[in-house]
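Chain order of the listed sequences is H and Y. The first sequence maps to residues 55 to 321 in our numbering. The second sequence maps to residues 3 to 196 in our numbering. Ideal Cβ positions, reconstructed from N, Cα and C, are used throughout, including at glycine. None of these values were measured; they are calculated from a predicted model. Down below is the structure, laid out as structure tokens.
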Amino acid sequence: MESPGPSAAGPEPPGRAEPAVGLERCVTGIEGLDNILGGGIPRGNTVLIAGSVGTGKTTLSLEFLLRGAERGERSLFLSVTEASDKLVQNLSTFEFFRTDLVVDGKLVFVDLPVLYEKLGLESEELSSEELDILVRTIRDLVRSLGIKRLVLDSLTSLCYRIRKDEQIREFVLRLGEEMSACDCTSVLVSEITPTQGRYSTRGVEEAIVDGIILLWNARRRGDIHRVLQIVKMRGSAHSHAQYVIELTPIGILMTPHLKGARADEEG
Amino acid sequence: MAPAEIGDRLRALPPGTAVTLKLDPREYADQYFSVLTAALRDVGSGANTHTIYVAVTSPAAFVWSLAQALDVPADRVSFVDAISHLMMHYENPLPNATYVESPRALESIMLRVEYLLRRTRSPRSTVIVDSVNSLAIHNPPELLSEFLHILLNNLKSRQVLTLVLETTEEQAASVEQLLNLVVDETIDMARLGP
């Protein structure tokens with residue numbers, strides 16, 4: 055089957071030229087993913103991980119951070135909906151998880167609702183000024199802790215509090231620029247429905263980001279597979295093929311998605 | 003052919019070789035047991051060896067009971083069982099087996115083999131696919147060909163010895179042609195005699 059997203063990732067945003075292939079890479083540590091990315095995500099890129107419920111978005115994001123922390127890159131998980139304690143519990147299903155990474159501050163969890171409260175951002179809708187405060191606060195956190203990998207899970211939940219598409223565009227653009235300036239590679243989690251036909255709730259986020267990793271559940275004669283595809287990755291000569299993934303205690307494993315019976319599949 | 007002779011032939015193969023073991027349906031039970039004895043006991047029980055048995059014809063529990071009768075150590079063999087779920091024989095899962103929901107889940111079979119290879123990290127690994135005929139019952143030839151091509155080439159590149167069991171006279175011509183293309187050697191049990 056075709057992937058459930060649109061066929062093109064939208065126009066390039068103004069002022070952001072395609073960087074040359076051969077940039078320094080942020081090695082994700084997920085072996086199959088690094089292979090199809092040509093060695094990793096170009097460092098400083100902002101990547102959207104888009105997928106519907108149960109496709110492995112949070113697990114992929116957590117492994118990205120955990121592998122980074124193992125390599126000595128301080129990593130930050132900004133959680134909008136799920137409590138940090140529960141996320142750390144989820145991490146312990148990975149055999150290679152070490153609690154000392156959390157204890158030593160190499161892997162940091164921040165609950166965004168707590169941050170909202172501290173910043174006084176408690177109105178139902180966030181104004182442009184409040185979004186600006188949020189970006190600056192995240193930037194300061196990243197700078198002060200020396201964070202090199204950031205995950206925001208999920209951008210979709212955050213966007214529920216943003217009314218205008220222009221504000222979302224501005225927020226994602228500014229966050230990406232600030233993270234890139236800090237040499238921090240960031241992942242924004244996007245929750246979509248299988249029939250949505252785009253990579254984000256409002257459709258504006260996908261044009262701003264440097265990369266899109268799409269996840270979905272594919273069905274073949276009654277059996278369901280989790281499938282991953284790199285839709286775009288600026289600065290990277292990446293594979294466009296589809297891969298079946300499994301979430302295992304030793305991390306995410308990938309193999310090519312067989313095409314023989316593709317006509318039998320549903321989204 | 004005696005298990006010792008088969009064992010000698012398998013031991014002589016360089017790492018990364020893919021072999022089809024052709025079994026004669028008229029002598030199936032004897033030949034299958036000889037192959038099992040050679041692959042799991044004679045070759046697979048050696049130092050630093052590990053065998054991953056992809057069970058599609060019979061459940062892992064059945065194959066494991068035969069292996070136990072041959073005194074194969076439990077830590078030297080793991081199973082990817084792709085048939086027990088389908089046959090609803092999943093009540094007592096083996097500790098040394100991982101279960102795939104159906105023989106149609108070919109990518110899952112590849113991923114479980116990968117998982118076990120990474121878990122065991124044995125310098126001398128063998129993968130036994132039992133059998134290509136059973137996989138052909140559940141999968142169209144085009145898909146099965148793609149699966150064998152990717153799996154066998156991946157295992158070759160990782161220096162893993164792969165044994166594909168095939169019952170002769172029951173195979174689709176397209177799968178037979180593909181096997182000829184991707185395997186390095188064929189051992190025809192019927193031609194070798196007792």
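Integer Cβ distance of L25/Y from T169/Y, believed to fall under 8 Å: Confirmed, Cβ separation roughly 5 Å.
Does the distance from the C-beta atom of G305/H to that of V263/H stay below 8 Å? Going by C-beta atoms, G305/H is not nearer than 8 Å to V263/H.
Runs of alpha helix (DSSP H) lying entirely within the stretch 86-144 of chain H, each at least 4 residues, in chain order: List check, alpha helix (DSSP H) in window: 111-124.
Kindly say whether V298/H, judged by its beta-carbon, lies nearer than 8 Å to any beta-carbon of chain Y. With its beta carbon less than 8 Å from one in chain Y, V298/H belongs to the interface.
Does any residue of chain H bring its CB to less than 8 Å from the CB of R160/Y? With 8 Å as the cut-off, R160/Y does not count as an interface residue toward chain H.
Give the C-beta separation of T53/Y and R78/Y to the nearest angstrom, bearing in mind that I take them to be a contact with Cβ-Cβ under 8 Å. Indeed they touch by this definition, with Cβ atoms about 6 Å apart.
CA-CA distance, S36/Y and A20/Y? Looking at the two C-alpha atoms, the distance is approximately 19 Å.
Count the other C-beta atoms from every protein chain shown that fall within 10 angstroms of the C-beta of L188/H, then say buried if there are 16 or more, exposed otherwise. Within a 10 Å sphere around the beta-carbon of L188/H sit 16 or more other beta-carbons, which makes this residue buried.
Reduced DSSP secondary structure (H/G/I, E/B, other) of K24/Y: Secondary structure at K24/Y: strand, using DSSP grouped into helix, strand and coil.
Compute the distance between the beta-carbons of L116/H and I284/H, then report whether it is under 8 Å. In this structure, I284/H does not lie closer than 8 Å to L116/H by Cβ.
If you pair each beta-carbon of the stretch 175-183 of chain H with each one of the stretch 150-159 of chain H, do three or more pairs fall below 8 Å? Verdict: no, contact absent.
Along the chain, where does the alpha helix (DSSP H) that runs through D154/H open and close? For D154/H, the enclosing alpha helix (DSSP H) begins and ends at 153-157.
Identify, in the order they occur along the chain, each residue of the same chain with its Cβ nearer than 6 Å to the Cβ of T135/H, setting aside the five sequence neighbours on each side. Hits under 6 Å: S211.
R43/Y at chain H interface by Cβ criterion, 8 Å: The Cβ of R43/Y sits no closer than 8 Å to any Cβ of chain H.
Would a check of beta-carbon distances place P310/H closer than 8 Å to chain Y? Under the Cβ distance rule, P310/H counts among the residues neighbouring chain Y, one pair being separated by less than 8 Å.
For I13/H, I'd like the list of residues in its chain whose CB is within less than 8 Å of its CB, leaving aside the five on either flank, ordered along the chain. Residue 13/H lies beyond the range of chain H shown here (55 to 321); nothing can be said about it.
Relative to the C-alpha of N89/H, which candidate in G110/H, A104/H, L307/H has its C-alpha closest? If you compare the alpha carbons of G110/H, A104/H, L307/H with that of N89/H, the shortest gap goes to L307/H.
Whole-Å CB distance - T147/H paired with E116/Y, under 8 Å assumed: Your pair T147/H and E116/Y does not check out as a contact, with CB atoms roughly 18 Å apart and the cut at 8 Å.
Proximal chain Y residues relative to I304/H, where beta-carbon distance stays under 9 Å: Contact note: I304/H reaches chain Y through Y117, R120, R121, using a C-beta cutoff of 9 Å and chain order.
Are L119/Y and V184/Y closer than 8 Å when you measure CB to CB? For L119/Y and V184/Y, no; Cβs fall outside 8 Å.
Give every residue of the same chain whose Cβ lies closer than 6 Å to the Cβ of P96/H, excluding the five residues on either side of it in the sequence, and list them in chain order. The residues are L77, G289, S290.
Contact with chain Y by H294/H, beta-carbon distance below 8 Å: H294/H does not count as touching chain Y.
Could you please tell me which residues of the stretch 90-115 of chain Y, in chain order, have their CB closer than 9 Å to any CB of chain B? Absent from the structure: chain B. Protein chains present are H and Y.
Reference I274/H, options P105/Y, G9/Y, A41/Y, closest by Cα: In the sequence under discussion, the amino acid at residue 274/H is Arg, which differs from the Ile named in the question. Of the residues P105/Y, G9/Y, A41/Y, the one whose Cα lies closest to the Cα of R274/H is P105/Y.
Determine, using beta carbons only, whether D88/H comes closer than 8 Å to chain Y. False, the Cβ-Cβ gap to chain Y never drops below 8 Å.
Continuous alpha helix (DSSP H) stretch holding Q250/H: start and end: Q250/H -> no alpha helix (DSSP H), and no H or E assigned at all.
Rounded C-alpha distance that separates Q143/H from F151/H: Take the alpha-carbon of Q143/H and the one of F151/H: they are about 10 Å apart.
Please go through the same chain and pick out, in chain order, the residues whose beta-carbon is closer than 8 Å to the beta-carbon of I222/H, but skip the five residues on each side of it. Close CB contacts of I222/H within its chain, under the 8 Å cut and outside five residues either way in sequence, are with C213, I216, R256, V258, E259 (chain order).
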